[in-house]
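Novice:
Residue numbers (our numbering): 2 to 301.
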């Protein structure tokens, strides 16, 4: 049984007497939407859920308008995990995998050897930023913690879990020195907070409410829990974007594609399985500047 609310949300909290903040995430509906698009093996579904939880937590730490993209790439049975989460808190994801090479008890190093994790911030305005770190931790939680150690120099720890039904995550992050000025005292406080979080089991994270988790870990601390912020699965694909991809090919190449594919160009969205069809008349209309108001067909 669970006492979690039946919604997808993140929820921030802050420690009043020390310089640290945190955030918790719960994903159910959006996680189910992502898993429904492809027949993912259990280990893939688990890693995909953990990456979704990480993306939702990271969006909460950033003040920007745009898109956060997480990509984990490797030379193993899972060559790609990818999550996109917008500042509007729309999230989608996908994985590429070789099902025959995935054992039920496979670890992250088994599934994604020689892997790298790329974090890209693509703002609506301003310069695109990307940071990369090796997937050299035992878990994705370790890898994200390592990323912040190496690239941000901000004390940050992640705890991520997913079981194919629910994806959950906990983030702790140090704040600039304010309540505690002494460096040794500050370090000791941070060690205490992270040590307590490390006692949280996967079952507890997946099954308990945020209030219960915070009481379980920090009943001796002054903790303020803020209002929940909702997330949802949403795919940004559209017939218009697919048409723009055709325009980038040029008229001649687009017409040749129609012929090569038996009269219809089919553009599939890998995130949501939506399919957009364009026939010869659509291509002529598109390049004549008449738009895409009369689609020949769009289907799942």
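Just so it is clear, CB atoms sit at the ideal spot from N, CA and C, and this is done for glycine as well.
1) For a minimum of 3 consecutive residues, which ranges assigned as the beta strand (DSSP E) are wholly contained in the region 79-150?
2) Straight-line CA distance for residue 92 to residue 134?
3) With H, G and I counted as helix, E and B as strand and the rest as coil, what does DSSP make of residue 187?
4) Please tell me whether residue 86 and residue 57 are closer than 9 Å, where the distance is taken between their beta carbons.
5) Which value, in whole angstroms, describes the spacing of the CA atoms of residue 64 and residue 162?
6) Would you decide whether residue 43 is buried or exposed? Buried here means 16 or more other CB atoms lie within 10 Å of its CB.
7) Which residues share a DSSP beta bridge with residue 157?
8) Answer with buried or exposed for residue 202, where buried requires no fewer than 16 other C-beta atoms within 10 angstroms of its C-beta.
9) First and last residue of the beta strand (DSSP E) that includes residue 12?
10) Comparing alpha-carbon positions, which option in 77, 27, 232 lies nearest residue 102?
11) Once DSSP output is grouped into helix, strand and coil, what is the label at residue 276?
12) Tell me whether the region 239-249 and the region 15-33 touch, counting them as touching only if at least three CB pairs, one residue from each stretch, are closer than 8 Å.
13) Which of the three DSSP states, helix, strand or coil, is assigned to residue 165?
Specialist: In terms of the structure at hand:
1) 81-87, 91-97, 117-124, 130-135
2) Translated into the one-based positions of the chain shown, residue 92 becomes position 91. Translated into the one-based positions of the chain shown, residue 134 becomes position 133. One C-alpha to the other measures close to 22 Å.
3) Here residue 187 corresponds to residue number 186 of the chain shown, with the count starting at 1. Correct three-state label for residue 187: helix.
4) Translated into the one-based positions of the chain shown, residue 86 becomes position 85. Translated into the one-based positions of the chain shown, residue 57 becomes position 56. Yes. Within cutoff.
5) The count along the chain shown starts at 1 and reaches residue 64 at position 63. The count along the chain shown starts at 1 and reaches residue 162 at position 161. C-alpha separation (whole angstroms): 25 Å.
6) Against the chain shown, residue 43 aligns to sequence position 42. Label assigned to residue 43: exposed.
7) Position 156 of the chain shown holds residue 157. Paired residue(s): 174.
8) As a first step, residue 202 must be located in the chain shown, where it is residue number 201. It is exposed - the Cβ of residue 202 has fewer than 16 other Cβ atoms within 10 Å.
9) Locating residue 12 in the chain shown gives position 11, counting from the first residue. Per DSSP, residue 12 belongs to the beta strand (DSSP E) from 10-16.
10) Residue mapping note: residue 102 aligns to position 101 of the chain shown, counting from 1. Ranking 77, 27, 232 by Cα distance to residue 102 puts 77 first.
11) Along the chain shown, read from residue 1 onward, the residue named residue 276 stands at position 275. Here residue 276 sits in strand by DSSP.
12) no
13) Counting from one through the chain shown, the residue named residue 165 turns up at place 164. DSSP places residue 165 in coil when its eight states are reduced to three.
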